[in-house]
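Reviewing the structure listed below.
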Amino acid sequence: FPVDTNVGRIAVRLGWVPLQPLPESLQLHLLELYPVLESIQKYLWPRLCKLDQRTLYELHYQMITFG
1137 FPVDTNVGRI
1147 AVRLGWVPLQ
1157 PLPESLQLHL
1167 LELYPVLESI
1177 QKYLWPRLCK
1187 LDQRTLYELH
1197 YQMITFG
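The sequence shown begins at 1137 in the numbering used here and counts up one residue at a time.
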């Protein structure tokens, strides 16, 4: 689903999800070593709940615009 992909990508760019860049030699099947979606949501949810409505809207806008 495109929105989930974009949200994940932006969350990583903002440093909210601590992922390291993949080395050039890393095979795609090793990506399963990265956190599962549930752990990412568990990490992000309390942080997003603390944001005010204006900040959430701006974040939403940025995710759609820059995906």
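Yeah, the Cβ is synthetic: ideal placement off N, Cα and C, and Gly gets one too.
Consult DSSP for residue i and reduce its assignment to one of helix, strand or coil.
i	result
K1186	coil
L1150	coil
V1172	coil
Excluding the five sequence neighbours on either side, which residues of its own chain have a C-beta within less than 8 Å of the C-beta of residue i, listed in chain order?
i	result
L1180	A1147, W1152 and V1153
Spatial neighbours of residue i within its chain, please: CB distance less than 6 Å, with the 5 preceding and 5 following residues excluded, ordered by chain position.
i	result
L1192	none
Near residue i, which residues of its chain fall below 7 Å by C-beta distance, leaving aside the five closest residues on each side in sequence?
i	result
V1143	M1199
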